[in-house]
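Colleague: My questions will all concern the structure given below.
Number of protein chains: 2
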Amino acid sequence: MKLTSIELIKLLENKVQRYVEGFDTNLHPYDIAELLVELRNYDEKVYLQELAKFPEELKAAVLIELPKQCHEEFVEHFTTNELAEITNTLDTDDAAELIRNIEEIDEDIAEEVLQHLPQEDRENLEDLIAFGDYQAGSYMQTELFSAFIDEQVGESIRRLKRLKAAKELDSVYQVYVISRKNKFLGSIPLEDLILQGPNVHYKELVKEGVNSVAVNAIDDIHDVVEIASNYDMGVIPVVDSKGKLLGRITSDDIYDIIEERATGQLYNLAGVNDEAEQEESLFHIGKHRAFWLGINLFTAIVASVVIGLFDTTLQSFVALAVLMPIVASMGGNAGTQTLTVTVRQMALGDISDDDAKKTIKKEVYLALMNGSIFAVTIGLIAWAWFSIPLLGVVIAASMVINLITAGFFGALIPLILKKVDIDPAVGSSVLLTTVTDIVGFFSFLGLATLILL
Amino acid sequence: MKLTSIELIKLLENKVQRYVEGFDTNLHPYDIAELLVELRNYDEKVYLQELAKFPEELKAAVLIELPKQCHEEFVEHFTTNELAEITNTLDTDDAAELIRNIEEIDEDIAEEVLQHLPQEDRENLEDLIAFGDYQAGSYMQTELFSAFIDEQVGESIRRLKRLKAAKELDSVYQVYVISRKNKFLGSIPLEDLILQGPNVHYKELVKEGVNSVAVNAIDDIHDVVEIASNYDMGVIPVVDSKGKLLGRITSDDIYDIIEERATGQLYNLAGVNDEAEQEESLFHIGKHRAFWLGINLFTAIVASVVIGLFDTTLQSFVALAVLMPIVASMGGNAGTQTLTVTVRQMALGDISDDDAKKTIKKEVYLALMNGSIFAVTIGLIAWAWFSIPLLGVVIAASMVINLITAGFFGALIPLILKKVDIDPAVGSSVLLTTVTDIVGFFSFLGLATLILL
Chain H
1 MKLTSIELIK LLENKVQRYV EGFDTNLHPY DIAELLVELR NYDEKVYLQE LAKFPEELKA
61 AVLIELPKQC HEEFVEHFTT NELAEITNTL DTDDAAELIR NIEEIDEDIA EEVLQHLPQE
121 DRENLEDLIA FGDYQAGSYM QTELFSAFID EQVGESIRRL KRLKAAKELD SVYQVYVISR
181 KNKFLGSIPL EDLILQGPNV HYKELVKEGV NSVAVNAIDD IHDVVEIASN YDMGVIPVVD
241 SKGKLLGRIT SDDIYDIIEE RATGQLYNLA GVNDEAEQEE SLFHIGKHRA FWLGINLFTA
301 IVASVVIGLF DTTLQSFVAL AVLMPIVASM GGNAGTQTLT VTVRQMALGD ISDDDAKKTI
361 KKEVYLALMN GSIFAVTIGL IAWAWFSIPL LGVVIAASMV INLITAGFFG ALIPLILKKV
421 DIDPAVGSSV LLTTVTDIVG FFSFLGLATL ILL
Chain V
1 MKLTSIELIK LLENKVQRYV EGFDTNLHPY DIAELLVELR NYDEKVYLQE LAKFPEELKA
61 AVLIELPKQC HEEFVEHFTT NELAEITNTL DTDDAAELIR NIEEIDEDIA EEVLQHLPQE
121 DRENLEDLIA FGDYQAGSYM QTELFSAFID EQVGESIRRL KRLKAAKELD SVYQVYVISR
181 KNKFLGSIPL EDLILQGPNV HYKELVKEGV NSVAVNAIDD IHDVVEIASN YDMGVIPVVD
241 SKGKLLGRIT SDDIYDIIEE RATGQLYNLA GVNDEAEQEE SLFHIGKHRA FWLGINLFTA
301 IVASVVIGLF DTTLQSFVAL AVLMPIVASM GGNAGTQTLT VTVRQMALGD ISDDDAKKTI
361 KKEVYLALMN GSIFAVTIGL IAWAWFSIPL LGVVIAASMV INLITAGFFG ALIPLILKKV
421 DIDPAVGSSV LLTTVTDIVG FFSFLGLATL ILL
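Chains as they are written, first to last, in the UniProt record's numbering: chain H, 1 to 453; chain V, 1 to 453.
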């Protein structure tokens, strides 16, 4: 069922009213953002006008749920003052993301927005923005519930009450115990706190043993994912290199990071740039896709040069031209199977550096197994098709050679790329098919020249 | 640094001791499982002997962290009684997973283990196991903290104390308010509970508005991921179709589901079966890979038949055989770019059914843009290489035709597969390359026959 833009606006305004008046406690800003995106498909202006009408807090909450492409539009549509107000209502991690997106569109506006913020908030945000995309710090929020080691539980809970009343804190699952110098000592789940009387000292709780797993703000964000999923943690505290508590990363960010990493791998293996695909401009997307297509054109021409070496053979046996793509195609497919499994298992930590030999051995063995089966099959088919028994032998032999090559290089290429610190998903497909194309054509036409001529 | 098996055992036993005695509160069963897996690489027997020595509770906790391949080994190594004891110490979701894994190995043993459990636990587990792999119910745990609507906060907290003391409950982030008939009414974060006095009635809290977002146990597990990530939920309550509270799904399961979905997509696009790749047996893995390779062999032969239609043309112009793979290769690559982006964006919910036309239009436009660039490039190269201007025209024209085909079908195939309820990642690559190979060879050789002969 597709709504008209007028129906959409009605529905939207109704939802906003219900949200603001608290009639529907299940309504999430995401639901409102979803409607806005649909409205945007009809009319870019109207969706911005509707968004502008929202109360400040909802505006901020919805804005952060909108896809990145919308950010450019509201940066143009809203004043610096409004943007600063929106930034101020957001949690620090969301605020930092917004400023980072604005920076990408226009650095001056981002700077102006920052200047409009209270000094403390500005400095806080500037610290967060300074972290790289791939660093844990850029995903953390600084809002959290901490308690000093020399405090009583009751004291800290009174502080929590004040923070909650001021709406400065949300989704508190743990209390982070710190020293007076802000050194992180451990986290205590709220459930344990409930079971303690208000007069218990944190010192005693910490003495009984607390979990102090934390990540460093400059750690790779993928290490954070490893820790979260291996240790079953919903929230992870973040510290600096001196062990001072800086913030925390919550499960919703971890969901996003896992999805993004997977998308990156999928796209890179297919010769697509994941960042570029998020852009609105087709020209921009096309440019990035053209890069890998260009490299593929180059390697395809190299493969053609290899074919060209055997032009006299081809002229004598046109059957070779007919069958030639089969060997290359099977090599490319088998190699892609190996490559994909290796890249993914490396990313998930299922293949460590010590396993390199084992991985290659496994893949070559698989290649030998499937290679033999398909060699016999295609050998018989080629013989039957062109009534030249030796042609069957040639294609069967080159099939085995090319599938073993595919298995070997399909495993080796990502392992080597990782060794030299290149993302094994990027470019490995093109490298691999270059190898399987060249080996496929060379072995088939070469053997044909030797055996048939 | 690679440890010897004796060093590994020493390290392992040391860690186990520290874990059991509570010296190291940051130690997680995962760390111990990791060492066991390393030890297993040396010696299958020794790792099982070490595991058998662990105290019951740790044994269970470590076992569930071990990769699936190990399950077969300990099912053989442990008695039914021991397996039942291990099952009993696990959280219900982990216990159900264990029983499901045992079932895959030997249904009789699984049944025996279930018979060794107390009746209530057995029935509970049987309910969980009955859910399909893809259903929310199969990921939920039934351990949770609930309170009746007519209770006071203090009463429920006393119950929580008892549950915690009996170690029956962990990671409590919310209290789920239910009616006396177990109907789910809403969830209240623990933090809000802390701020209420013990004399407050849940009735009053619910009246003020609570969040009652929940999933149905028979919902698709991917809908659960959508809700968790769109609504930023760390834990999701699960109800039956009458709204009765059954359990909850925690963030660590959601991490796993997101990773598994991504792995499935990556593997399926590469013609690899994600379930089969987890098996230990190379024969089993190879068999599943051979399936898609076999289909690829068939389609490659069809493409060869298309080439065979033009054997007289090929005989007159050997240059055609040399250049022919370039057009097919570029089509395959461009199509894979489109296919991957479409499949992934569909999975992430970025492309809805209404967007089909928009998606196809975008991809055809991109294909036209890049097609023109590469057509001119390869046209000039072919002309220069073989000094036949018309050959350049032929390859340029077929390049444009094939890249537009690639863009069109790369978007259309997954959209259609989804429409008829087939996972768009499965088989779409083979379908696509069949199209790009056939169109590539046919357009190139067909145009050559028309123009050059």
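For every residue, glycine included, the Cβ atom is placed at its ideal position computed from N, Cα and C.
Computed from a prediction, not measured in an experiment: that's the story for all the values here.
Would you please verify whether the beta carbon of H/A384 is less than 9 Å from any beta carbon of chain V?
Modeller: Chain V, which has no Cβ nearer than 9 Å to the Cβ of H/A384, makes this no.
Colleague: Determine which residues of the region 361 to 384 of chain H have a Cβ less than 8 Å from any Cβ of chain V, and write them out in chain order.
Modeller: Of all residues in the region 361 to 384 of chain H, K362, Y365, L366, M369, N370, I373, F374, T377, I378, I381 have a Cβ within less than 8 Å of some Cβ in chain V.
Colleague: Of the residues that make up the region 10 to 28 of chain V, which ones have a beta carbon closer than 7 Å to any beta carbon in chain H?
Modeller: Within the region 10 to 28 of chain V, the qualifying residues are G22, T25, N26, H28.
Colleague: May I ask which residues mark the beginning and end of the alpha helix (DSSP H) holding V/Y134?
Modeller: Here V/Y134 belongs to no alpha helix (DSSP H), and DSSP marks it neither H nor E.
Colleague: Could you give the residue range of the beta strand (DSSP E) that holds H/G349?
Modeller: That residue, H/G349, is in no beta strand (DSSP E); it is neither H nor E in DSSP.
Colleague: Against chain H, does V/R261 count as a neighbour if the rule is that its beta carbon must be under 9 Å from one of theirs?
Modeller: Interface residue, yes.
Colleague: So, for V/R180: in the same chain, excluding its five sequence neighbours on each side, which residues have a beta-carbon less than 8 Å away from its beta-carbon?
Modeller: Closer than 8 Å at the Cβ level, and outside the excluded window around V/R180, lie F148, I149, D150.
Colleague: Using a Cβ-Cβ distance cut-off of 9 Å, determine whether H/F283 contacts chain V.
Modeller: Judged by the 9 Å Cβ criterion, H/F283 is in contact with chain V.
Colleague: Which of the three DSSP states is assigned to H/N333 in this structure?
Modeller: It is helical.
Colleague: What distance in whole Å lies between the Cβ atoms of H/V430 and H/G271, which are believed to be in contact at a cut-off of 8 Å?
Modeller: The Cβ separation is near 7 Å, so the contact holds.
Colleague: Helix, strand or coil for V/K10 per DSSP?
Modeller: Note: V/K10 maps to helix in three-state DSSP.
Colleague: Could you say which of V/D93, V/E13, V/L195, V/E85 lies nearest to V/L36 if we only look at CA atoms?
Modeller: For the residues V/D93, V/E13, V/L195, V/E85, the minimum Cα distance to V/L36 belongs to V/E13.
Colleague: For V/Q119, does the three-state DSSP call read helix, strand or coil?
Modeller: If DSSP states are grouped into helix, strand and coil, V/Q119 belongs with the helices.
Colleague: Please return the same chain residues whose Cβ sits closer than 7 Å to the Cβ of H/S414, not counting the five positions on each side in sequence.
Modeller: It is Pro, not Ser, that sits at residue 414 of chain H in the sequence shown. Cβ neighbours of H/P414 beyond the five flanking positions: L339, T342, V343, M346, P424, S428.
Colleague: Listed in chain order, which residues of the region 311 to 324 of chain V have Cβ atoms closer than 9 Å to some Cβ of chain H?
Modeller: Those residues of the region 311 to 324 of chain V that come within reach of chain H (Cβ to Cβ, closer than 9 Å) are D311, T312, L314, Q315, V318, A319, L320, A321, V322, L323, M324.
Colleague: Take H/Q152 and list the residues in its own chain whose beta-carbon comes closer than 8 Å to its own, dropping the five residues that flank it on each side.
Modeller: Only P198, N199, V200, H201, Y202 meet the Cβ criterion.
Colleague: Are the CB atoms of H/H222 and H/Y139 nearer to each other than 9 Å?
Modeller: Their beta carbons are not under 9 Å apart, which means H/H222 does not touch H/Y139 by this criterion.
Colleague: Using a C-beta cutoff of 9 Å, does V/S443 count as contacting chain H?
Modeller: No, its Cβ sits nowhere closer than 9 Å to a Cβ of chain H.
Colleague: Report the neighbours of H/L190 on chain V: residues whose CB is nearer than 7 Å to its CB, in chain order.
Modeller: Ordered by position in chain V, the residues that pass the 7 Å Cβ test against H/L190 are L190, E191, I194.
Colleague: Going by DSSP in three states, H/P389 sits in which element: helix, strand or coil?
Modeller: H/P389 falls in the helix class under three-state DSSP.
Colleague: On the premise that H/S398 lies in contact with H/S329, defined as a C-beta separation below 8 Å, what is that separation, rounded to the nearest angstrom?
Modeller: With a Cβ gap of about 12 Å, H/S329 and H/S398 do not count as contacting.
Colleague: Which residues in chain H have a C-beta closer than 7 Å to the C-beta of V/N333? List them in chain order.
Modeller: Chain H residues near V/N333: G271, L293, N296.
Colleague: Please list the terminal residues of the continuous alpha helix (DSSP H) segment that includes H/Q49.
Modeller: Element bounds for H/Q49: 44 to 53.
Colleague: With DSSP run on the structure shown, which of helix, strand or coil describes V/D355?
Modeller: Three-state DSSP puts V/D355 in a helix.
Colleague: Closer than 8 Å by C-beta to V/T434: which residues in its own chain qualify, once you throw out the five before and the five after it? Chain order, please.
Modeller: T299, V302, A303.
Colleague: Would you kindly work out how many angstroms separate the C-alpha atoms of residue 508 of chain H and V/Y19, rounded to a whole number?
Modeller: Past the edges of chain H, shown from 1 to 453, lies residue 508 of chain H, and the structure says nothing about it.
Colleague: Can you name the residues of chain V whose CB is closer than 7 Å to the CB of H/I395?
Modeller: Neighbours of H/I395 on chain V: none; closest Cβ ~11 Å, over 7 Å.
Colleague: Should H/F184 be flagged as near chain V, meaning a C-beta pair shorter than 9 Å?
Modeller: Chain V contact via Cβ: absent.
Colleague: Would you mind sorting H/A166 into buried or exposed? The rule is 16 or more other CB atoms within 10 Å of its CB.
Modeller: Result: exposed.
Colleague: Which of helix, strand or coil does DSSP assign to H/D256?
Modeller: Of the three classes helix, strand and coil, the one that applies to H/D256 here is helix, per DSSP.
Colleague: Consult DSSP for V/K2 and reduce its assignment to one of helix, strand or coil.
Modeller: Of the three classes helix, strand and coil, the one that applies to V/K2 here is coil, per DSSP.
Colleague: Could you check whether the Cβ of H/L160 sits closer than 9 Å to any Cβ belonging to chain V?
Modeller: Closer than 9 Å to some Cβ of chain V, the Cβ of H/L160 qualifies, so yes.
Colleague: Does V/D252 pass the burial test, meaning 16 or more other C-beta atoms within 10 Å, or should it be called exposed?
Modeller: Label assigned to V/D252: buried.
Colleague: Below 8 Å on the Cβ atoms is my guess for V/A33 versus V/V62; work out the distance and round it to an integer in Å.
Modeller: Indeed, because the Cβ distance is near 5 Å, the residues count as touching under 8 Å.
Colleague: Using a Cβ-Cβ cut-off of 9 Å, state whether V/A300 counts as contacting chain H.
Modeller: By this cut-off, V/A300 is an interface position.
Colleague: Closest to H/N182 by C-alpha separation, out of H/I218, H/P237, H/L98, H/E112, would be which residue?
Modeller: Of the candidates H/I218, H/P237, H/L98, H/E112, the one whose C-alpha sits nearest the C-alpha of H/N182 is H/P237.
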